[in-house]
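See structure below.
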Amino acid sequence: MKNYLSFFTFIYIVLLFAINPQLYGQHIRQLPYESDSTFYRVDLAIKNASRCAYLYLEYDSIKYLPDNFGLLTKLRGITFKYCNQVDWDRSVSVMAQLPRLEYLEITVCKISKLTDKIGRLSGLRSLVLKTNNFLTIPESTSDLKKLTYVNLSFNPGMKWDEVFNHLPEQIQELDLSGNSLWEIPTSAYRFTAIEQLHLNSNNLRVLPSEISSWSELSYLNLSNNTGINWKSTFDQMLQLKKLSIIKLSNNQLTELPAKIGLLTELTEIHADGNMLQGLTESIGRLTKLRLMNISTSKTGQTRNQIERFPASFGKLRNLEVLNMNGTYMISLPSGISKMNKLKKLYITK
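Mind the numbering: the sequence shown is residues 947 to 1295 in my numbering, read in order.
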């Protein structure tokens, strides 16, 4: 009987982790707000220290974390949102006592300077500092040897060369969206392990040849960069041999360059909210493509004007999701009948 119980207990644990992967072995990208392990007040979290894994503080008047905050030995992540009175130097010192802390978010807190004690959070894997007034980050950030995800979005006044030189080289995901960037500082190319890069909602003009150093890059978001030179940009993208997901939404594109067909590792293309007149014949080379979004913009104001599809369209036989909402097509592409793996098709006006 004990053996049967042990077996079923093991199966239950495996299923639990499969259903909620944030419980084990994965980086936290945001706190699970509705989890039974998430608390919204420091005092309640400490009273329930044995089951508190996440702490989410929003519009909290807290000035510093109490000395007994170290009782939260199971705490994995903490978010400060609209918390404008925090003594960060003291609070980060207290957080350094937490053995399992791997996620720290400071969002919309009107903070312009981060304490150099941030380097003491040795277990930190994710650091989110979006929508603040930062000019730089402390040099001690480079001491965070487990840090792989950094979100610096909507901090347009940053001194980027200095910031990038203060980040550890092992960064795998970097969010620089909404920062009014005209170009990518050369210091960013030292992150040779980077796999995901968010550059959406900037003022980029071109991607330079140095992007060849990003040999591991598989995800690239260039949405809302309407002034970019796409011909030159696609020439540079050809150096990204592992590029799998590309986001080009809301860029006033009238065409996808023919060279997109050379990015043969692509599994997803997001080109919604543009002004595409058609699709290039080379699209048929993207035989690994599983998702294509060429729908209207979310506001419905900008839409692709694709009436007919190239004959090669039918070669996309691994396509599982095709979103053509709001396009001007006269009839369904004949190639759809060959897409045996297609699970979701969106074709509303």
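For glycine and all other residues, C-beta sits at the position ideal for the given N, C-alpha and C.
If you're wondering where the values come from, they're calculated on a predicted model, not measured in any experiment.
- Ranked by how close their Cα comes to the Cα of K1244, the residues G1272, L1113 and A991 have G1272 in first place.
- As DSSP reads the structure, Y1049 sits in a beta bridge with G1023 and S1072.
- Restricting attention to A991, S1228, T1094 and L1003, the CA atom closest to the CA of K1020 is found in A991.
- If the five residues before and after T1053 are omitted, its C-beta is found closer than 6 Å to the C-beta atoms of K1027, K1076 and T1077, all from its own chain and listed in chain order.
- Of the other Cβ atoms in all chains shown, 16 or more fall within 10 Å of the Cβ of T1094; this residue is therefore buried.
- Non-local C-beta neighbours of K1177 in its own chain, meaning closer than 7 Å and more than five positions away in sequence, comprise P1203, ordered along the chain.
- Distance from V1096 to L1073 at the Cβ level is roughly 5 Å; contact confirmed, criterion being Cβ atoms closer than 8 Å.
- A contact is defined here as three or more CB-CB pairs under 8 Å, and the stretch 1261–1268 meets this definition with respect to the stretch 1286–1293.
- For Q1142, the enclosing beta strand (DSSP E) starts and ends at Q1142 to H1144.
- Annotation: the continuous alpha helix (DSSP H) that includes M1041 extends over W1034 to M1041.
- Residues L1268 of the same chain have their beta carbon placed closer than 6 Å to that of L1291, with the five preceding and five following residues left out of the count.
- DSSP places F985 in the strand class (E or B) of the three-state scheme.
- Boundaries of the alpha helix (DSSP H) harbouring D1107: W1106 to N1111, taken from the DSSP string.
- In this structure, the beta-carbon distance from N1148 to N1167 does not fall below 8 Å.
- Per DSSP, D1181 is one residue of the alpha helix (DSSP H) stretching across W1176 to M1183.
- In the three-state scheme derived from DSSP, where H, G and I count as helix and E and B as strand, Y1135 is classed as helix.
- Taking 3 residues as the shortest admissible run, the stretch 1223–1259 contains the following complete beta strand (DSSP E) segments, listed from N- to C-terminal end: 1237–1239.
- Put simply, of L1199, S1161 and F1080 the residue whose alpha carbon is nearest the alpha carbon of F1100 is F1080.
- In this structure, the alpha-carbon of G1230 lies about 13 Å from that of E1211.
- Using a Cβ distance threshold of 8 Å, G1023 and Y1000 count as a contacting pair.
- Taking every protein chain shown into account, the CB of L1278 has fewer than 16 other CB atoms within 10 angstroms, so this residue is exposed.
- In the DSSP annotation of this structure, D1013 is not part of any beta strand (DSSP E), being labelled neither H nor E.
- The C-beta of R1071 has 16 or more other C-beta atoms within 10 Å across all chains shown, which makes the residue buried.
- The beta carbons of L1120 and F1137 sit closer together than 8 Å.
- For E1085, same chain residues with a beta-carbon under 6 Å away, outside a window of 5 residues either side, are H1112 in chain order.
- If you ignore the 5 residues before and after K1105, its C-beta comes within less than 8 Å of the C-beta of L1081 and T1082, all in its own chain and listed in chain order.
- Between S1195 and A1217 the beta-carbon gap is near 7 Å, inside 8 Å, which marks them as a contact.
- In the three-state reduction of the DSSP assignment, D1006 falls in the coil class.
- Shortest Cα-Cα distance from R1046 to any of K1092, P1131 and E1162 involves K1092.
- Taking T1132 as the centre and dropping the five residues before and after it, the same chain places the C-beta of E1156 closer than 7 Å to its C-beta, in chain order.
- The beta carbon of G1173 lies closer than 7 Å to those of N1149 and R1151 in the same chain, with the five residues before and after it left out.
- Each residue's CA atom was taken as its position, placing I1206 and V1038 some 46 Å apart.
- Excluding five sequence positions before and after E1048, the CB atoms of its chain that fall closer than 8 Å to its own CB belong to H973, I974, R1022, G1023, G1069, L1070, R1071, S1072 and K1092, given in chain order.
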